[in-house]
Each structure stands twice: as structure tokens, then as C-alpha cells.
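Engineer: Numbering (our numbering), first residue to last: 10 to 1137.
1. Spell out the partners DSSP gives residue 300 in its beta bridges.
2. For residue 744, which residues of its own chain have a beta-carbon under 6 Å away from its beta-carbon, when the five flanking residues on both sides are left out?
3. Within its chain, find whatever has a CB closer than 8 Å to the CB of residue 846; leave out the 5 residues flanking it on each side and keep chain order.
4. Could you spell out the range, first to last residue, of the beta strand (DSSP E) harbouring residue 422?
5. List the whole-angstrom C-beta distance separating residue 683 from residue 777, where the pair is believed to meet the contact cut-off of C-beta under 8 Å.
6. Sort 86, 360, 93 and 501 by Cα distance to residue 483 and report the nearest one.
7. When the cut-off is 8 Å and only beta carbons count, does residue 170 lie next to chain D?
8. Give the DSSP-derived three-state secondary structure of residue 982 in the structure shown.
9. Once you ignore the five residues that flank residue 525 on each side, which residues in its own chain have a CB closer than 6 Å to its CB?
10. When DSSP labels each residue in this structure, what does residue 393 get in the three-state scheme?
11. If residue 535 sits next to residue 515, beta carbons under 8 Å apart, how far is it from one beta carbon to the other, in whole angstroms?
12. Out of curiosity, what's the CA-to-CA distance linking residue 340 and residue 865?
13. Quick check on DSSP: helix, strand or coil for residue 853?
14. Given this structure, state the Cα-to-Cα distance separating residue 325 from residue 36, to the nearest angstrom.
15. Give the DSSP bridge partners of residue 1100, in chain order.
16. What separation, rounded to the nearest whole angstrom, lies between the Cα atoms of residue 767 and residue 268?
17. Rounded to whole angstroms, what's the CA-CA distance from residue 487 to residue 477? Just pull it up for me.
18. Going by beta carbon distance, what residues of the same chain come within less than 8 Å of residue 827, once the five residues before and after it are set aside?
19. Let me know the secondary structure DSSP gives residue 359 once reduced to three states.
20. Which residue wins for smallest C-alpha separation from residue 1147, given the options 261, 780, 574 and 474?
21. Quick one: give me the first and last residue of the beta strand (DSSP E) that residue 1030 is part of.
22. Assess, as a yes-or-no matter, whether the stretch 230 to 237 is touched by the stretch 148 to 165 under the definition of 3 or more beta carbon pairs within less than 8 Å.
23. Ignoring anything shorter than 4 residues, give me the alpha helix (DSSP H) runs that lie fully in the stretch 218 to 286, in order along the chain.
24. Which two residues bound the contiguous beta strand (DSSP E) that contains residue 1124?
25. With DSSP collapsed to three states, give me the class of residue 681.
26. Can you name, in chain order, every residue of its own chain whose Cβ lies under 6 Å from the Cβ of residue 399, other than the five neighbours on each side?
27. Do the stretch 299 to 306 and the stretch 16 to 34 meet, that is, are 3 or more Cβ pairs less than 8 Å apart?
28. Assuming residue 796 contacts residue 426 (C-beta within less than 8 Å), just tell me the rounded distance between them.
29. Inspect the beta-carbon positions of residue 4 and residue 221 and report whether they are closer than 8 Å.
30. Smallest Cα separation from residue 174: which of 203, 676 and 225?
31. Could you tell me the alpha carbon to alpha carbon distance between residue 621 and residue 381, rounded to whole angstroms?
32. Starting from the N-terminal side, write out each stretch of the beta strand (DSSP E) that is 3 residues or longer and does not extend beyond the stretch 473 to 534.
33. Should residue 109 and residue 72 be called a contact, given that it needs their Cβ atoms to be closer than 8 Å?
34. Taking the alpha-carbon of residue 16 as reference, which of 32, 48 and 29 has the nearest alpha-carbon?
35. Pick helix, strand or coil for residue 717, following the three-state DSSP scheme.
36. For the beta strand (DSSP E) that residue 214 lies in, which residues bound it at each end?
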């Protein structure tokens, strides 16, 4: 930004006179308006102003942000500015720049000792305050869950209250969510540890329902009392969450201000909540300081963290606050910004058409409107910004040539599997027979389109970002794009972790075993895993013996009992020693290697376990329990410290630092992209989720905390009648009836309010995604579960129909597409003679019969490009799906090898003649205990030295061979056979998918020499001598320890000399050492005689290559009509 605007200068030089009523400043900074530079310039202006009455003491200047990245960026800019101007560089360390969580933590650290001293005085005790610890909300939820259990076990409820509570529970009042989804109980526990609930008094809590369950009243206030009791216990132990610290400040800051402030600057103020605002305002008031806040209400997207955009909106109306708006955008090109404003207008203008009119006029909707932000178009700040020009116009890739017009700013890409758009009956049958999801089909073409877009332009992959709404979507997109060899940098949560990994379940089972919380299933989970030295049969036999009352020996149980004695003093050490000691139980070195890798994959659990044990109360209680259990103190009732399922723990992948030097496409959530920008932004909206998340909803209203609990039971489960709630008289529901008068649906307004507020936040999420782009914005059709796409939705609209879609993501894409392209199908003319008229044909893209690839469609303004991947291209998708799967599989193998720097399990490798293959009997596999890292490094090195290799996998065919067939003859006399054996051979020294070739052996079998002679073959053709020889002669020169390996290639059609080259190639790439790896009779001194055969079926065309007959190859004719040629 070259020059500052007048509005920016006003923000930087804001200094109210004593006579002016506006004492504080609120800056509404739109996307790309340069707010960070404004803050930097203001800090510099305050520190270096010539007027001493304006100059601020740097130690009394506080800058607060809502993310570490934002705090770091402001700090770096301020430091550079001071150094560049060579003024006051020694003042920089005195400025307080931190996140709001760190700022509040420092305040708590300052006033906690004073609170502790006052508490001790009241309790007439004398003790030192504990060291403050930050604990995770999950730990608090577990403690609250145990507290609820104790409440219902040791309650003092009346008989009627007990009966009501039982009915309340049976009606679903405490129902858990299914799998990973949140249910009523999870929402209740999360609310009980939130700052809004903890800081509210009983007067502030209101049940927002006309009629409630009899148990709701006393249970809700008892839950509040339990939450407060648990909070006070955490306070005494010095173990606090971020929410606890916020509540503590609200209740104890008062006039006890430990710092001096002249000016407080807060960035991203739209993400504050009412309590945080109250604390910050109180600080400023007590210090008689000035406050400057910056934010963009259209980017308030942290409602799930209790952020309330109405805090920012209310300040704009406050008389003591001066409001300055920064609307000029210096990020996007002028043409792009114009289209972003159009998209934003559609987004913020959307109203859900399914909302009942009674709800629109209700108290609930009026409260939800406090969270609504109207459209406010941005203005162009820099008209000189231009997009890059392309290098070429076409691209040759594995599909076809895509035409891309880089002069356009917006690219719309959609897909469809609607079979009604096809005229090819075969393709219709194929499409209807397959169960391909539109989601997978669309992502496949999106990936190819992205590769074309990038390779056609001057852009690097680092200029791109792929934005998603959720972490789950980001992980899905990452996997899909990697399958097409697109380099990816994914910063999404758990980007390297799949939560259902068996390794994590086994890790949890080991922890539960040490804590005396395991059962037979946990032991089975351990024994059947790769960590265990026991086979599946041994595991089954063990549990059968247990069932029969026997007490079989189990080495894993012995280790568990041994390490329980260590766990009572150091649980984490015991768990670590236990898992690696089980690895040492393996005798076979190959299985030990697999167990080591399996054990290494438990590390994400280890990280979470450390986090849990960092809570002194959790750790002490756990150690005490184990000690009591060892002493066999059965009289005491013990708590459970570990969950039943791994999903109930907050498991995250180990942090992998993203190498910023790598040219790769970034995949992020929209929330993680705030404050950042890219040249090309790809946005893939999710489908709207109408799941309620249980029967417990909470909403912060202007005066009260509105709670709905079991309101939507509809008396279907409860046997008790509802009672009137005298504290709430507004309409709380609307009933919908069918035409026959029967009940259709009940709309509960508390749930609708929750949904509407989420929809308002999604509008802001969309806006945030749009405004990250500098040059181009690529909008992909929203993720859909049905076969029809957006193009099909437009086809169904009448020519004069105004569309108002049920879901926001469809509304935005459809309305924007419809406004720029004439895609609606003309209506058939009605009236006399209309029957003879042909049915109107939908405009293209519809049938797309003349398109070999997705054609480029340009809007009239030539600023929007549109691509539709309809069902016409389904055959291309199927043809390339197999290749995609193979690449994906190879990429996953490479990722695993890079992560653990080893080979996952034994692989059969063919070596060249001059490279020795390491055998289990070699000195490398020493029985002495070695460092596993050294072993893995040696294996990695050995793999890299392979100059030519073969990777096998075998899949036995299910078909049954006839007795008189060649296949039956060969199988009957062999001791081991393989059908459809896959071979990967390297073409170059470097082992990589692209440098390898794939071959399929129809049949491979092993024979003892005497058994092979029983097959009745007399002659074979010797490639080396180029003549026919007797099979008996070929065998007689070999040793008794020789095994005959026979490769058979089944052919149809004409005989061809190429077939001879193929079968000889198979014999060349098969290595004797490699055969030993798959031979069940393999021994160290075993030798192999490799032979091959070509088998033609009875329908073979004898009029093939004439040179075939010139070779005079010996053949064998079978009764089935099959012809077989044997080779040595």
C-alpha cells in the first residue's frame, strides 16, 4: 500500500480532546483494507509523537489479538518499522503484544495469590497457593461426567423428583451422541464448562419453553450448582481452562487492577464475547485509559467458541465510541472484487424459505437477528492490480485438452451424474449399475482441472489454496488430490491421523490395563494386533481355555502385572515400557519389525496421555487408585479414568512442521485462512447439516442465557405431563398439519434459532473465503450426496421463476451461475396445436454430445468461466479410476515409509545377480537385542540399493477348474499355486511408481521334480539352445533339492511371436531368491528350475503368424481343445 487513505489517517491519528464525548475508537475494517498496517502506524505514531500529551509510555501500551500468528505479525511489523525509522528501537521490548488468552492468563497469574490469601483468611488456614496449570476442556468434561454419576447415586431428591429424574433420563435427557457426533449429554457437559454458563447466576438462566418436563427445573439448576462446585475445586487446585480464567477475571478483577494502561488496542474484536468485552471494558475504565478496537463483523466466524458479533455491532451505536469504516480493498483486482461483491450480496441476502411464519414473528428469531450482518460492498483500493497472463492456452494431459481463459476472474466448476442427460443406452446402463457417488466423481475432475489450471499459467502451486468449511472436508480433499500427484500442504487438525487406527485403540487398551480398567475385549484387542507375538489361532485358543475355566499362560498379562507396580509411581513410564516390552516378546525378526512400526504409530496417544497426566489432580488420583488396587482394597469405589472408546479422547497427530520452501498447494479450513491471502483461491462448500446435536440447546440472549432441554420430546417417550413455565410466555413452537388433518411436523423455535444463527455464521464463512483471493476465485459445486448437480437444478426452474433455495451453498452457486448464463430450459408453448411441437431442448451444457472434454463457457461480460462435468464424461472417469487407485496406493506406501523410515512388513524383492539378498539367517538379524532405529535404517538403506526388483501380491481365483483342463492338471500335481500374480519391476535405479512396470502372471505353481513328471509333459523348447529337448533331460541335471517353478500365460485369439517375447520376459524378471520368499517349502539351500508355458484355448485361430510354425515348437493337445507349449 503506497499511500494512506483519509480514513486510515484518521484511525492512526485518533486522539480525542477532553471535551469530546467519543473517548474510544472502533475501526470497521473490511477484507484487505490494510488494518495491520494501520495498527502498526498507530503504534509508531503513539510512541514517537512530538506532543508529550499524546505520546504513550510503551510499558502502558497493550496490543491484544485473537491468534498467535496475528500477534507475531504485528510484533514483527512494529519492530521493523522502529528499526527502519531508526527511532526508539529500544522501546519495542516494552510494548505488550499477546493473544487474548495469554493476556488473561497473565492477569490471573497476578491476582490469583491475592485471591488465595483472602480465601485462606476466610477459611482460617495458612498455605501457599498452588502453581497454576492450564488443563484441557476434555478433562473437565470427564470430571463433570463423574460428578453427574455421583449426583444420581448419592442424591437427596424427593420421591417425586426421583421418579421425574428417571423419566427424564429415559426420555433422552442425558442421551449420548452416536459415534463421533455430539448428543444431549456432550452438549450439556460442554455447556457446563463454558464461561457463559459458569458466570451466569440462577436469575440469568432461563428455560426458553412454555411447557417443560417436571424434572427440567430442578435438574438444570442442580447442573449449574455442580458446574460451579467443580469450577471452585479446580480453582483451589490451580487447574484452570481458558474459560475458567475468563470467569475468574470477571468475578475477581474488580478494582484489583495489577497493570497500568494508557491505551489498549484489540484486533479482531468481532470474535469477542460478552464476558471478554466486560473484562476489557472494566480494565480500561479503572485505568482511565483509551481503547481502540479493530474488526470486521462480516468475518465473525467463531460462534462455536462463544464469539458474539453483536458485541461489535453494539459498540458502533455507542455514543462514547467513534466509528470509522475502512472499505477500500487493496488485496483483490478490480474485476475480481466486483464479482466478490456480487457473490457477497447473494450470500447475505439469502433467507431460508423453510422457516415457518410463526417463527419469523417470534422472540427467538428477533434475538437471532442480533447475529445477522447485512451486506456492505467493498471498494477498489488499487486499480493497478492485474492478474498473471497465461503461458499457453491448451494443455495435453492424461484426459484431454482444457481451454482456460485467464482473463476471467471467477471460474465456476460443477458436475452431475444425472442419467436423464444421456442418450447412449450403454452408458446409461453403466451409470445406473454403478454406485459411484457424485462427490468422488466431482473431486476427480476438480483435481484434473486444477492441474490444467496450474500447468497452463505462470503460477506456482504455492499461489493456490483449497479452502473447506471443516477439518473433515480438508482431510478428504487432501487424500483425493494426493492421488493425482498434486503436491499438498495440509494444516488441518489431525491431517496425519486417522482416529480409527487400530494402533490408538491398542494404546488405550494398554493404558486401561495398567489402571485396572480393562476387560476381556481390551485384552483381545491387544492380542490380535500386530503388536502381539500371538497368532490368531493362539489368541482364539487362549480365550477358549479361559471360557472352559482354565488358566492358560499369557506373557502379555505377565508384563502388565509387572508394570502395574511401576505405574503406581510413574504411569507414563510404565505405559512406555510396557508397549516396547511386548515388542521384545517376538522371536521372528520380521514380525518384530512389524510390531515395532505398530508400536511407533501409538505416539499420538502418548502425546495426549502426557497432556492428561499434566493435571496434578488427575495424575495423583490415578496413581492412588492403582496403588489401592495393588493392595487389593476392594472396599473403596474407584473412578474410571480412561474412556471406553478412543473417540472420546482428544487425539491429535504429532505436529509436522510444514516446509514453506516446497512448492505445494495448501489445503486449509476457512477459519485457518483468516488474515491470509493467495493469488488463486479454490472454495468447496460443504452440504448443510441439519443434525440437531441432541435435546439440549443454549443461546446467549441480550438479557438471559436461554436454554432448551428435552423440549422437543413431543411427549413420545415421557410418561409425565408437561408443566407450565411461568418465566417464559412467548410462543415456542409451531405445528404443521397434513391435508387430512393429521400431525405433520412440530417446529421447535429454540432449535430453529440455533440453526438460523449457524446459517448467519455460514454467510460470514462464505464471505471470508471469497475475500482471500487476489487474482482468481475458483468456485466448485458444493459437496452433494445426490446424483444431480447444480446444472440440473437450473434445468428444473421455470423461465420466470425466482429461485430461493433451502440451503445457502446451493443458493449462492445456483443464483450466481443463473445470473450470468442462460441455462434455463425454455417452456413448451401451451395452447392449440402445442402437442405437435417438439419438446424444448435444454441449453448446453446439457447433453454435451459434441464435447470430448468439459468445454469452456464464457459469460457475456467475459469475466466468468464455466465448466460442467456432466454424465457424458463418466466413461473417462471409469477408465482413469484404476490408474488413480494405483497411484494413490503407491503414494500411501511412500508416505508410510517416509514417516517411519522403514519397510512396513516383509516384501518380496527380486535382486539382480550381483546384489546379495539379506536373509533372516544372516548376521543382520542378530538374536542379540539391537537398537530398532539402527535396524530400520539398515532396512531403508538396503531397499534403496535395489537395482531391479519385483513386488508381489497374489489373489486366488474363485473359479473351479474342470478335471480335463490344463489348469486342473497343473494344480493337481503342484504343492503351491498362485493365480493372477502381480509383478512390479523397476525400469530405472530409482524406486518409484513412474519408473516401474506392472505385469500380471496368469498362473505360477511350484512342483517337486517327481510330481512334475506326473503331468505327462515329454518335450519343451529350450530358449538357450533354440531347440526342443526332453523334459526328463532338462530335469536330470538338477540336484534333489531343486523345486520347479512353472509360469503359465493363458492366451486367446491368434498366435503371435510377441507371446514368446512376453513369456521369456517373465522368466527373466523372476529371480530365484525372490521365489524363495513365497515358496512354503523354502530352505536356505533350495534351488529353482524356472520353466514356462503358453496355453491357448480351443477357439484359437490357427491362421496366425506364419513364422510361429517355422519354429517347430513342441505342443501338447488336451481333450478340452486346449493347446499348451512348454519352455525352458
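Virtual Cβ for every residue (Gly too), placed ideally from N, Cα, C.
Structural biologist: Answer, in terms of the structure:
1. Per DSSP, the beta-bridge partners of residue 300 are 273.
2. Same-chain partners within the cutoff: 755.
3. Excluding its 5 nearest sequence neighbours in each direction, residue 846 has C-beta neighbours in its own chain below 8 Å: 837 and 838, listed in chain order.
4. Start and end: 419 to 424.
5. Contact between residue 683 and residue 777 holds: their C-beta atoms lie close to 6 Å from each other, under 8 Å.
6. The alpha carbon of residue 483 has as its nearest neighbour, out of 86, 360, 93 and 501, the alpha carbon of 501.
7. Given the protein chain composition of this structure (a single chain), no chain D is represented.
8. Three-state result, residue 982: helix.
9. Closer than 6 Å at the Cβ level, and outside the excluded window around residue 525, lie 638.
10. Correct three-state label for residue 393: coil.
11. Between residue 515 and residue 535 the Cβ distance is about 6 Å, and since that is below 8 Å, they are a contact.
12. Computed Cα separation, rounded: 27 Å.
13. Look at residue 853 here: in three-state DSSP terms it is coil, with no helix or strand label.
14. About 9 Å.
15. In the DSSP output, where bridge partners are listed per residue, residue 1100 has 1055.
16. One C-alpha to the other measures close to 38 Å.
17. Roughly 11 Å separates the two Cα atoms.
18. Same-chain partners within the cutoff: 803, 806, 812 and 833.
19. Annotated three-state conformation of residue 359 is coil, per DSSP.
20. Here the chain comprises residues numbered 10 to 1137, so residue 1147 is not present and cannot be evaluated.
21. DSSP places residue 1030 inside the beta strand (DSSP E), whose first and last residues are 1028 to 1031.
22. The stretch 148 to 165 makes contact with the stretch 230 to 237: 3 or more CB pairs, one atom from each, lie closer than 8 Å.
23. Taken in chain order, the unbroken stretches of alpha helix (DSSP H) that lie wholly in the stretch 218 to 286 and span 4 residues or more are 223 to 246 and 251 to 261.
24. That run of the beta strand (DSSP E) goes 1124 to 1126.
25. Residue 681 falls in the helix class under three-state DSSP.
26. Per-residue confidence for residue 399 stands at a pLDDT of 49, beneath the threshold of 50, marking its modelled position as unreliable; the derived number appears in the next sentence. Cβ neighbours of residue 399 beyond the five flanking positions: 415, 465 and 466.
27. Cβ pair count under 8 Å is three or more, so yes.
28. Right, their Cβ atoms sit about 4 Å apart.
29. No answer is possible for residue 4: it lies beyond the span of the chain, which begins at 10 and ends at 1137.
30. Selected option, being the one with the closest Cα: 225.
31. Here the alpha carbons of residue 381 and residue 621 stand approximately 39 Å from one another.
32. Within the stretch 473 to 534, the beta strand (DSSP E) runs of at least 3 residues that lie entirely inside it are, in chain order, 473 to 477 and 497 to 499.
33. No. Outside cutoff.
34. Per the Cα distances, 48.
35. Correct three-state label for residue 717: strand.
36. Counting along the chain, the beta strand (DSSP E) containing residue 214 begins and ends at 214 to 216.
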